[in-house]
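Numbering (full-length UniProt numbering), first residue to last: 1 to 397.
Encoded as structure tokens, the structure appears first; notes follow it.
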Ligand code: LMR
């Protein structure tokens with residue numbers, strides 16, 4: 001049965017981590033997978049998470065199954081974090097959330113729901129986008145098409161091309177946006193541009209869907225959901241796949257959510273019952289630990305404050321490294337202007353390095369970045385910055 005199978009290509013992001021781990025050079029630098037690291041190159045467990053875990057250890061008395069849609073208080077806290085504490089949509093019962101195994105799990109439930117329970121057969125994603133979007137959607141049976149997003153010359157959003165492409169999309173098709181911190185480019189629409197896109201969505205009738213994996217890593221928890229909230233105000237229907245991997249550092253606990261907004265409470269109920277059948281036929285119900293941590297923190301005002309402080313520390317460190325990266329490249333004599341990197345949002349910097357330069361960095365200097373030229377800024381430290389920038393300058397010349 002299996003003997004005719006050819007080996008699958010390595011994953012463009014997670015596969016690189018295996019190659020990095022096998023590299024024996026002591027000065028190697030890992031800027032591939034999007035995970036936060038502190039100045040000591042450690043991916044820390046947040047102090048508020050540790051506290052929540054101690055609380056759970058003492059107070060958890062059962063390992064019985066969660067409901068298909070997961071923990072109710074986690075789901076409500078997720079809605080409030082994304083849509084706002086006093087969102088009228090939540091009060092009007094137009095919003096339903098299912099806790100999922102990570103943001104990727106949410107994307108897959110979303111895609112299965114669209115293919116199996118609605119008429120949507122095609123989804124549009126930005127070019128470029130996180131490579132796993134294509135895989136998740138195609139595996140679920142959606143046809144994936146791309147809209148233009150990035151202008152490689154200006155290193156900025158190609159807004160005219162974006163609007164031109166979005167204008168061609170028909171009602172009944174889905175369009176994926178990154179809620180904030182676009183992965184891989186780090187370039188998000190401005191508030192004015194979000195408004196234009198939201199108006200277009202309404203006029204055209206396509207279904208907007210969001211991937212929100214980095215809330216709090218761009219400008220702030222509220223600022224980073226500006227676009228989503230704008231859509232939520234004007235759209236009858238919306239789907240949001242969100243993740244707590246990055247903003248709570250809960251990568252391996254797989255904590256995410258799929259949030260569905262419908263035109264009224266009755267439609268929301270019916271649609272969500274269908275989402276639940278999709279989940280039941282997949283993983284049945286979600287794991288509890290990570291969601292319990294998030295729910296405990298988000299529903300306890302003191303702990304929430306502590307989490308916001310820790311999140312701010314992570315965001316500010318990335319901002320500092322981004323600025324230092326631009327400055328050090330310049331100091332080391334880069335023959336190109338990299339100031340555009342300072343304007344990008346979130347964990348990644350889209351460097352504009354070619355595939356050949358990326359390979360030279362890996363082979364000659366043990367510096368690992370994704371083939372598209374995406375660097376994880378959170379992997380930069382005061383200690384490795386000099387070597388990193390010197391090496392980049394060498395491969396540029
Ligand atoms: C990334 O883009 O590096 C992260 O989202 C990790 C992943 O699963 O690819």
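Yeah, the Cβ is synthetic: ideal placement off N, Cα and C, and Gly gets one too.
The structure presented is a predicted model; accordingly, all values stated were derived computationally and were not measured.
In this structure, the straight-line span from the alpha carbon of residue 163 to that of residue 174 is close to 15 Å.
Under the three-state reduction of DSSP, residue 257 is assigned to strand. Proximity of the beta carbon of residue 33 to the ligand LMR is indicated: a heavy atom of the ligand is located closer than 7 Å. The DSSP assignment places complete beta strand (DSSP E) segments of no fewer than 3 residues inside the region 64 to 121 at 95 to 101, in order along the chain. Within the region 319 to 365, complete alpha helix (DSSP H) segments of at least 4 residues are found at 355 to 365, given in chain order.
Within the same chain, and ignoring the five residues on either side of residue 332 in sequence, the residues whose Cβ sits closer than 6 Å to its Cβ are 389, 390, 393.
In chain order, 29 place their CB closer than 7 Å to the CB of residue 384, counting only its own chain and leaving out the 5 sequence neighbours on each side.
Around the beta-carbon of residue 343, fewer than 16 other beta-carbon atoms lie within 10 Å, marking it exposed. The C-alpha of residue 247 lies about 33 Å from the C-alpha of residue 266. Under the 10 Å beta carbon count, residue 185 is surrounded by 16 or more other beta carbons and is classified as buried. Residues of the same chain with a CB within less than 7 Å of the CB of residue 108, apart from the 5 flanking positions on each side, are 136, 140 in chain order. Between residue 284 and residue 310, the alpha-carbon positions lie close to 33 Å from each other. In the three-state reduction of the DSSP assignment, residue 187 falls in the coil class, being assigned neither a helical nor a strand state. Counting only residues of its own chain and dropping the five nearest sequence neighbours on each side, residue 355 has a CB closer than 7 Å to the CB of 371. Within the region 2 to 35, the runs of alpha helix (DSSP H) that reach at least 4 residues and sit entirely inside it are, in chain order, 14 to 22. Taking C-alpha positions only, residue 58 is separated from residue 105 by approximately 29 Å.
In the DSSP assignment, residue 150 is bridged to 157.
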